[in-house]
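These notes concern the structure reproduced below.
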Amino acid sequence: MKYFVSPFNKEAELKFPEKITIYDTTLRDGEQTPGVCLGTDEKLEIARKLDELGIHQIESGFPVVSKQEKISVKAIADEGLNAEILALCRTKKEDIDVAIDCGVDGVITFMATSDLHLKHKLRLTREEALNVCMNSIEYAKDHGLFLAFSAEDATRTDLEFLKQIYRKAEDYGADRVHIADTVGAISPQGMAYLVRELKKEINADIALHCHNDFGMALCNSIAGLVAGGSAVSTTVNGIGERAGNTSLEELIMTLLIIYGVDLGFNISVLYELSRLVEKHTLMKVPENKPIVGKNVFRHESGIHVDAVIEEPLTYEPFLPEMIGHHRRIVLGKHSGCRAVKAKLEEYGIDVTREELCRIVEEVKKNREKGKYINDELFAEIVRSVRGPVDF
1 MKYFVSPFNK EAELKFPEKI TIYDTTLRDG EQTPGVCLGT DEKLEIARKL
51 DELGIHQIES GFPVVSKQEK ISVKAIADEG LNAEILALCR TKKEDIDVAI
101 DCGVDGVITF MATSDLHLKH KLRLTREEAL NVCMNSIEYA KDHGLFLAFS
151 AEDATRTDLE FLKQIYRKAE DYGADRVHIA DTVGAISPQG MAYLVRELKK
201 EINADIALHC HNDFGMALCN SIAGLVAGGS AVSTTVNGIG ERAGNTSLEE
251 LIMTLLIIYG VDLGFNISVL YELSRLVEKH TLMKVPENKP IVGKNVFRHE
301 SGIHVDAVIE EPLTYEPFLP EMIGHHRRIV LGKHSGCRAV KAKLEEYGID
351 VTREELCRIV EEVKKNREKG KYINDELFAE IVRSVRGPVD F
């Protein structure tokens, strides 16, 4: 058995769309994390690993931002990846021209639509915003590009105006419309309501671009899919502005393990992808980060360790090998004889029952003194009890 989850999950009557598109924005929204700056080689390496995963679309960057950003986007577009390569553009023809020069497959254009943004950021009326958006959409479609229109701050936008701008975008040829929950301000129930309302009047695919300010980006993405959305924006490790975006690895594994929705991804590279992004962004993955955190498959408590050694699924919802992760028994004040014995067996060291109990006691004492029980200290403890042994 690869995983074992609650049987009650199946009792909930949920219907996901037949086709779900995951478009990853690690190289664009992820890079907008304060302090993060990715070079062309780093972006290429991440893009290749995303492609190895089997990601459907890669939002490669915002090419009009700088000459180097344009070089990076073009390099990714020229790499010959299986994923569709997208670029972010403002609703301006000059932005789209730059994207066309890069050779991307499509663009995501965006315009803030909430009265809050229109008044205080853009200083535009609703009518003015409508006209600006449509001109750029028409221009992009005339050049044969895939076109997604994103309504920034959509979840705080007047519903009738949001419907109006999405309808018009669809009329002008938009292939997909994006609900941007720009400050993570919607609830899963609110997202479900919004998607259902939009589906009444819009035939284009609906995507969810969720931020995690209240820790609900994943829930909001799932709720949007169940309500009729068909695409989700993600970032590796959930990085992004402020509290980040919907986490790619959390979304993929939640759909697969909790809901039984298999999108055909090569999930064996998820842990490697996570570490690659951690390395290039210099953003440390929290040890308790779901799916890819170090602690997800680390066990210290004696009761837990005993059970995990017997059957890993007692305290793990799926096996770490599925995503290229690994299990580790950690020694500390909560460790028991079985955990220490398992550690000794890793090194092929046999001890008597009395020696084992003394080693366990010394492990606990050292940990309570604030010492981390790494391999070197463990070897020192064993030798103090057992005498000279090879590690």
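Count the sequence shown with UniProt numbering and you get residues 1 to 391, in order. Note that CB positions come from ideal geometry on N, CA and C, so glycine has one too.
Rounded to whole angstroms, the gap between the alpha carbons of Met134 and Ala99 is 18 Å. Between Tyr23 and Ser233, the gap from beta carbon to beta carbon is short of 8 Å. Cβ-Cβ separation between Asp213 and Gly184: approximately 3 Å, consistent with a contact (criterion under 8 Å). Contact between the stretch 266-273 and the stretch 8-23 is absent: fewer than three C-beta pairs spanning the two stretches fall below 8 Å.
Here Ile85 carries a strand assignment [DSSP, helix/strand/coil].
Cβ neighbours of Gly324 within its own chain (closer than 7 Å, five residues either side excluded): Ser268, Val269, Leu270, Tyr271, Glu272. For Cys210, the uninterrupted beta strand (DSSP E) run begins and ends at 205-210, by DSSP.
Three or more Cβ pairs drawn from the stretch 239-258 and the stretch 287-298 lie within less than 8 Å of each other, which places the two stretches in contact. Excluding five sequence positions before and after Ile309, the CB atoms of its chain that fall closer than 7 Å to its own CB belong to Arg338, Ala342, given in chain order. Annotated three-state conformation of Thr155 is helix, per DSSP.
By the C-beta density criterion, Ser335 is buried, having at least 16 other C-beta atoms within 10 angstroms.
In the DSSP assignment, Gly302 falls within the unbroken alpha helix (DSSP H) covering 302-310.
Looking at the DSSP output, Leu147 bridges to Val107. Here Asn220 is buried: its Cβ has 16 or more other Cβ atoms, across all protein chains shown, within 10 Å.
One thing to note: Thr113 has its Cβ no nearer than 8 Å to the Cβ of Arg90. Cβ atoms of Ala204 and His178 stay farther apart than 8 Å, at about 10 Å.
By the CB criterion at 8 Å, Met283 and Thr40 fall outside the cutoff. Just measuring C-alpha positions, the residue of Ala207, Ile373, Ile349 sitting nearest Gly332 is Ile373.
For Val385, the secondary structure class from DSSP, reduced to helix, strand or coil, is helix.
Sequence-distant Cβ neighbours of Val360 in its own chain, meaning closer than 6 Å and more than five residues away, are Cys337, Val340.
With fewer than 16 other CB atoms across the displayed protein chains lying within 10 angstroms of its CB, Ala12 is exposed. In this structure, the straight-line span from the alpha carbon of Asp350 to that of Glu316 is close to 29 Å. Less than 8 Å divides the Cβ of Ile202 from the Cβ of Glu170. Shown here for Val385: same chain residues with a beta carbon closer than 6 Å to its own, the five before and five after excluded, namely Glu355, Arg358, Ile359 in chain order. Under the DSSP assignment, Val340 falls outside any beta strand (DSSP E), being part of the alpha helix (DSSP H) whose first and last residues are 337-346. Apart from sequence neighbours up to five positions away, the residues of its chain that approach Ala207 with a beta-carbon distance below 6 Å are Arg176, His178, Ala231, ordered along the chain. Taking a 10 Å sphere around the C-beta of Ser274, we find 16 or more other C-beta atoms and assign the residue as buried.
Annotated three-state conformation of Thr281 is helix, per DSSP.
Cys102 sits buried, since 16 or more C-beta atoms from the chains shown fall within 10 Å of its C-beta. Remark: fewer than three beta-carbon pairs, one from each stretch, lie closer than 8 Å, so the stretch 110-129 and the stretch 55-65 are not flagged as touching. Using a 10 angstroms sphere on the CB of Ile303, the tally of other CB atoms stays under 16, which defines it as exposed.
Checking the DSSP bridge columns, you'll see Tyr3 partnered with Phe318.
If the five residues before and after Pro286 are omitted, its C-beta is found closer than 7 Å to the C-beta atoms of Gly293, all from its own chain and listed in chain order. For Tyr139, the CB contacts under 8 Å within the same chain, skipping 5 residues up- and downstream, are Lys93, Ile96 in chain order.
Membership of Ile96 in the alpha helix (DSSP H) is indicated by the continuous run 93-102. Membership of Asp181 in the beta strand (DSSP E) is indicated by the continuous run 176-181.
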